[in-house]
Ligand code: FAD
Ligand code: MG
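Residue numbers (this note's numbering): 71 to 435.
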């Protein structure tokens, strides 16, 4: 009898404890689901496209973000397999192996991107030219074989550098690329931008609204930063070690792409030979610019333009920028009076200069 009374008390105690536990679990779940204090952050880094790619997503649903992140990384791999000159089975390698002897069927995406590259070649008067592939290969910058090419070979590669000779043919059976004999296409100056745009497209489809996509100098931001609203992006200082910034761009929903001679180069007898070539000489461009940053909604355009403006140099870039709509720029040039930073008028408020030794002298446009 005594024993049974104790059991009843014990059962009541257990029941109360169980109800309390359920209540605590319910309350904490409710807090997780409704709490908007700190959003979930997921990030992944990988070596792709010859650089470190890093994607960071923010939101409320970690599982959804993780899935989107996996999809984004797969998308980069898929596009690298189509567009890389270093992958033997890529569309670009197939075109280069055909060496102009026959038209090569490529994916719609490769056809589109080569078309875009040719369009920017035309608009920049050939400062941008994807047929620099022969020149790029001879110099081998960024590889163990980097060196000054034999003049005869360089002359030959130079004579094959002409975007006007590439055809993009759309037929019922698909898209075909036909180059001139011996021509070699290299999309290194535009493809990272395209990949960035495609990743962005995928993330939008996956319902991601806040993201930072960084493909090594090719950045795109989506939505606003969870910390400060605008994303604050440091612009690499052209004369300082990696990670030192000369200025900050405060942006949202744009791509920010920088080209410069300071990261991919080799040095011989005190001379630096970098990876952005002047298609009229076959040599690294003797640009008076040290860094070109383009800010645009479209990353493919920003990538092509950052390379092209570097080759064009300061004066031509300034007059070219006048003709462009919705494209902003930050250009760095060393002048006798010191290092000058040129910023387009519409971007002036979004740019904060950090290096006290540099001067913003002119607002372009
Ligand atoms: P940008 O200024 O944007 O581009 C410079 C690049 O454009 C040069 O490297 C050259 O490829 C090309 N170029 C030079 N001059 C001109 C010109 N006048 N007009 C048009 N194009 C020009 N790197 C590796 O080391 N290993 C790899 O396996 C590798 N794979 C890659 C695969 C893909 C799909 C892409 C897009 C890039 C890859 N890279 C690889 C990196 C590539 O070689 C370049 O270094 C990189 O794209 C240059 O980007 P950037 O932002 O530094 O300079
Ligand atoms: Mg570029």
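Even for Gly, the Cβ is constructed at its ideal location relative to N, Cα and C. All of these numbers come straight from a predicted model, not from anything done at the bench.
Nonlocal neighbours in the same chain, by C-beta distance under 6 Å from residue 254, ignoring five residues either side: 166, 203, 204
Those runs of the alpha helix (DSSP H) which lie wholly inside the segment 234 to 284 and span at least 4 residues: 261 to 275
Exposed unless 16 or more other CB atoms sit within 10 angstroms - verdict on residue 158: exposed
Spatial neighbours of residue 111 in its chain, beta-carbon cut-off 6 Å, leaving aside the 5 residues before and after: Contacts found: 128.
Alpha-carbon spacing of residue 164 relative to residue 175, whole angstroms: 9 Å
Pick from 274, 291, 426, 365 that is closest to residue 124, judged by C-alpha positions: 291
DSSP state of residue 428 mapped onto helix, strand, coil: strand
Beta-carbon proximity list for residue 264, same chain, < 6 Å, skipping 5 on both sides: 183, 370
Within 9 Å, strictly: CB atoms of residue 362 and residue 328: yes
Contact check, residue 399 vs residue 380, beta carbons under 9 Å: no
beta-carbon residue 373 near the ligand MG non-hydrogen atom, thresh 8 Å: yes
Exposed unless 16 or more other CB atoms sit within 10 angstroms - verdict on residue 153: buried
Bridge-paired residues (DSSP) for residue 121: 118
Three-way DSSP call (helix, strand, coil) for residue 399 in this model: strand
Residue range of the unbroken alpha helix (DSSP H) whose run includes residue 344: It is not in any alpha helix (DSSP H) - residue 344 instead sits in the beta strand (DSSP E) that spans 341 to 344.
DSSP three-state assignment for residue 337, whether helix, strand or coil: Residue 337: strand per DSSP, three-state reduction.
Sub-9 Å separation of residue 207 and residue 233 beta-carbons: no
Near the ligand COA: residue 268 beta-carbon under 8 Å from a heavy atom: What this structure holds is the ligand FAD and the ligand MG, not the ligand COA.
Check: residue 380 C-beta below 8 Å from any heavy atom of the ligand FAD: yes
For residue 401, the nearest candidate out of 302, 241, 298, 431 (CA to CA): The shortest C-alpha separation from residue 401 is found at 431.
Residue span of the alpha helix (DSSP H) that contains residue 226, given as start and end: Per DSSP, residue 226 is one residue of the alpha helix (DSSP H) stretching across 221 to 229.
Residue 329 Cβ short of 8 Å to the ligand FAD heavy atom set: yes
Touching by the beta-carbon criterion (3+ pairs, under 8 Å), the segment 421 to 431 and the segment 308 to 320: yes
Among 130, 190, 126, nearest to residue 142 - alpha-carbon criterion: 126
Any non-hydrogen atom of the ligand FAD closer than 8 Å to residue 399 Cβ: no
Backbone CA spacing between residue 108 and residue 297 [nearest angstrom]: 9 Å
Anticipated Cβ contact below 8 Å, residue 324 with residue 366, distance rounded: 7 Å
Length of the line joining the Cα atoms of residue 146 and residue 269: Cα to Cα, the separation comes out at about 7 Å.
Beta carbon of residue 354 nearer than 9 Å to that of residue 209: yes
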